[in-house]
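Visitor:
There are 2 protein chains.
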Amino acid sequence: MMRPINRTNLTDSAAESLRAEILGGRWTVGERIPNETALTELLAVSRGTVREAVRILVSKGLLDARQGSGTYVRSTVDTSGALDRVKRSGLRDQWEARAALDVEAARLAALRHTPLDLERMTRLLNARGTVHDGGREAFGQRDIAFHRSIVEASGNRAILELYDFFTAAILETIHSTLNGDLPEPDDRAHAAIVAAIATGDPDRAAAAVRSFMAPVLDELQRLSQ
Amino acid sequence: MMRPINRTNLTDSAAESLRAEILGGRWTVGERIPNETALTELLAVSRGTVREAVRILVSKGLLDARQGSGTYVRSTVDTSGALDRVKRSGLRDQWEARAALDVEAARLAALRHTPLDLERMTRLLNARGTVHDGGREAFGQRDIAFHRSIVEASGNRAILELYDFFTAAILETIHSTLNGDLPEPDDRAHAAIVAAIATGDPDRAAAAVRSFMAPVLDELQRLSQ
DNA sequence: ATCCGTAAATTCATCAGATGACTTGATGAT
DNA sequence: ATCATCAAGTCATCTGATGAATTTACGGAT
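Here the protein sequences line up with chains A and B, keeping their order. Counting in my numbering, the first sequence runs from -17 upward without gaps. Counting in my numbering, the second sequence runs from -17 upward without gaps.
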């Protein structure tokens, strides 16, 4: 059951060697790397192991294998580990990062929201209810849906994508560590956010989200010390 | 040369099938999935193909293969594609997201910076010079180093990680699409950021970064329309 | 009955060989 | 010069076999 953390296998070693060569600039983007047989000799492992190693790097977006042609370098920057490190960065850091996106999203939503966006946000706000309606789990889902609609209204897909990531990551962290004893968000504060966005004033919208986030951030700051 | 976008191979199909089963909750976290021989029959592909498919999911963090024991579900949420989608979200969206992180980082830096942080930021600001010193490439590097030092001073590793990602992603995009005709940042604006952080006023620091970012954001907004 | 060491079974890791599918460049006929 | 055809190169896939690590089953000692 107990496993040493750094025991590795040939496939991972081979993939790591290849990755280091790619990131080190041994081949340029678009260039073809040695074929499987040559890699077998270079890495001193069997062809099957080479293929598994290459497969890993293809899935990371570093390589591109084309049947009949060869395997080519697609990118020399590896961003695959970034989100893993974000996940391990602590709850306070994650919440702060999400808050930053949330504030900016509200700012952009004030400038760009469509009538449809406003209708959806209002509807989700009204449907949000209280924690007593249908249990904690269901309330959390409704709360998340409401906040997500704000980010959607920003029209920024990058922010929305990261917001979804943080929502999932934070939920995972809270489930595994805390027992959900964070301050409950104020209901009137939610309405204030929608109202601010509706007026089209970005600074007011940003301030509304920021003041809404403040209690949780303060609590997390306290917990992290 | 022309390649249909959805031509796939057995390994990717098998990996996708497995991924769908995992995300669909067929097995719970910690549960052991069928062994390679069984997967060979379930997926109707050879063991080698099964192994490559499993490798992909292991590298994505969904599975955990243990020699002699079995292959277990590590996570049922897949965040591996999030950054890829962010990369494809357009330059304006990426820049806005990074700006959001940058502003929040300055705010946090004002509250948390150490004397060492301040020293480093000042040093990098002075070393930044102009675009005429050592060429455009070198100047870009110094500029990035300065901005990164602000994010470092925030003490938030999640924001720093994402900031690095955006820096690389934006650089890649600019290289491949634009020809670097974005507004040059003002030098005095940089000094204003450091000064604001040094006073410890988070709102002033945030405002300094925001006004510094404004010209580029406006230009990108114009380009995106 | 419990504990513990050994053997057996299970499972993933790795290697080797062979065949097929696809791409690319060369060849040759028109 | 153009185009169809062919040959070489390369990745994709299958099959079989052996090794290494883990787990389980078993049997003896206490």
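All residues carry an ideal CB built from backbone N, CA and C; glycine is no exception.
Using the Cα positions of residue 22/B and residue 32/A, report the straight-line distance between them to the nearest angstrom.
Guide: Distance between the alpha carbons of residue 22/B and residue 32/A is about 21 Å.
Visitor: Quick one: is residue 147/A near chain B, going by C-beta distance under 8 Å?
Guide: Answer yes: the Cβ-Cβ gap between residue 147/A and chain B drops below 8 Å somewhere.
Visitor: So, at 7 Å on beta carbons, what are the nonlocal neighbours of residue 109/B in its own chain, with the 5 sequence-adjacent residues on each side left out?
Guide: Here the set comprises 124.
Visitor: State yes or no: is the C-beta of residue 36/B within less than 8 Å of the C-beta of residue 45/B?
Guide: Yes.
Visitor: Can residue 199/B and residue 81/B be called in contact, C-beta distance under 8 Å?
Guide: Cβ atoms of residue 199/B and residue 81/B: closer than 8 Å.
Visitor: Using a Cβ cut-off of 8 Å, pull out every chain A residue sitting near residue 7/B, in sequence order please.
Guide: The premise fails here: residue 7/B is roughly 15 Å from chain A at the closest Cβ pair, so nothing lies under 8 Å.
Visitor: Check whether chain B comes within 8 Å of residue 123/A, counting only Cβ atoms and requiring the distance to be less than that.
Guide: For residue 123/A, the answer is no, since every Cβ of chain B falls outside 8 Å of its Cβ.
Visitor: Does any C-beta atom of chain B lie closer than 8 Å to the C-beta of residue 17/A?
Guide: Residue 17/A does not count as touching chain B.
Visitor: What in chain B is Cβ-close to residue 144/A, meaning under 8 Å?
Guide: 64, 68, 79 and 144, listed in chain order.
Visitor: Over the uninterrupted alpha helix (DSSP H) stretch that includes residue 72/B, give me the two end residues.
Guide: Residue 72/B -> no alpha helix (DSSP H), and no H or E assigned at all.
Visitor: Looking at chain A, is there any beta carbon in it that lies within less than 8 Å of the beta carbon of residue 140/B?
Guide: Yes, residue 140/B lies at the interface with chain A (some Cβ there is under 8 Å from its Cβ).
Visitor: Starting from the beta carbon of residue 75/B, find every residue of chain A whose beta carbon is closer than 8 Å, and list them in chain order.
Guide: Per Cβ cutoff of 8 Å: 138, 139, 140 and 141.
Visitor: As a quick exercise: from 11/A, 10/A, 2/A and -4/A, pick the residue whose alpha carbon is nearest that of residue 18/A.
Guide: Nearest C-alpha to residue 18/A: -4/A.
Visitor: What did DSSP end up calling residue 47/A once you bin it into helix, strand or coil?
Guide: Three-state result, residue 47/A: strand.
Visitor: Does the Cβ of residue 137/A have 16 or more other Cβ atoms within 10 Å, making it buried, or fewer, making it exposed?
Guide: Buried: at least 16 other Cβ atoms inside 10 Å.
Visitor: Any beta-carbon of chain A closer than 8 Å to the one on residue 30/B?
Guide: Closer than 8 Å to some Cβ of chain A, the Cβ of residue 30/B qualifies, so yes.
Visitor: Residues of chain B with CB closer than 7 Å to the CB of residue -8/A, please, in chain order.
Guide: Correct list: empty, because the minimum Cβ distance to chain B is about 12 Å.
Visitor: Would you mind working out which of 73/A, 49/A and 86/A sits nearest residue 189/A, comparing C-alpha positions?
Guide: For residue 189/A, the nearest C-alpha among the options comes from 86/A.
Visitor: Mind checking who residue 15/A pairs with in its DSSP beta bridge?
Guide: According to DSSP, which records beta bridges pairwise, residue 15/A is partnered with 53/A.
Visitor: Where residue 12/B and residue 41/B are concerned, what is the direct C-alpha to C-alpha distance, given to the nearest angstrom?
Guide: Residue 12/B and residue 41/B: Cα-Cα distance of roughly 17 Å.
Visitor: I need the boundaries of the alpha helix (DSSP H) containing residue 108/B, first residue and last residue.
Guide: Its alpha helix (DSSP H) spans residues 97 to 110.
Visitor: Is it buried or exposed, residue -11/B, if we count other Cβ atoms within 10 angstroms and call 16 or more buried?
Guide: Under this definition residue -11/B is an exposed residue.
Visitor: Please report the distance separating the alpha-carbon of residue 6/A from that of residue 59/A.
Guide: Roughly 10 Å between the two C-alpha positions.
Visitor: Short of 8 Å Cβ to Cβ, which residues in the region 33 to 46 of chain A face chain B?
Guide: Answer set for the region 33 to 46 of chain A: 33, 34, 37, 38, 41, 42 and 43.
Visitor: Buried or exposed: which applies to residue 208/A, given that a residue is buried once 16 or more other Cβ atoms fall within 10 Å of its Cβ?
Guide: Coverage of chain A is limited to positions -17 through 207, which leaves residue 208/A absent and any answer about it impossible.
Visitor: Using a cut-off of 7 Å between C-beta atoms, extract the partners of residue 55/B located in chain A.
Guide: Within chain A, no residue comes near residue 55/B; the closest Cβ sits about 14 Å away, beyond 7 Å.
Visitor: Along chain B, which residues have their Cβ under 8 Å away from the Cβ of residue 59/A?
Guide: Chain B residues near residue 59/A: 150 and 154.
Visitor: Hey, residue 88/B and residue 71/A are a contact pair by Cβ (cut 8 Å); roughly how many whole angstroms apart?
Guide: Incorrect: roughly 19 Å between the Cβ atoms, too far for contact.
Visitor: Between 135/A, 39/A and 168/A, which lies nearest to residue 195/A when the distance is taken from Cα to Cα?
Guide: If we check each option's Cα against that of residue 195/A, 168/A comes out closest.
Visitor: In this structure, does DSSP put residue 8/A in helix, strand or coil?
Guide: Three-state DSSP puts residue 8/A in coil, outside helix and strand.
Visitor: Any idea what DSSP makes of residue -11/A, helix, strand or coil?
Guide: In this structure, residue -11/A counts as coil in the three-state DSSP scheme.
Visitor: Is the shortest distance between the beta-carbon of residue 201/B and the beta-carbons of chain A less than 8 Å?
Guide: With 8 Å as the cut-off, residue 201/B does not count as an interface residue toward chain A.
Visitor: Would you mind working out which of 67/A, 122/A, 157/A and 75/A sits nearest residue 202/A, comparing C-alpha positions?
Guide: That would be 75/A, whose Cα lies nearest to the Cα of residue 202/A.
Visitor: Can you name the residues of chain A whose CB is closer than 9 Å to the CB of residue -5/B?
Guide: The premise fails here: residue -5/B is roughly 13 Å from chain A at the closest Cβ pair, so nothing lies under 9 Å.
Visitor: Report buried or exposed for residue 153/B, applying the criterion of at least 16 other Cβ atoms within 10 angstroms of its Cβ.
Guide: Its Cβ having fewer than 16 others within 10 Å, residue 153/B is exposed.
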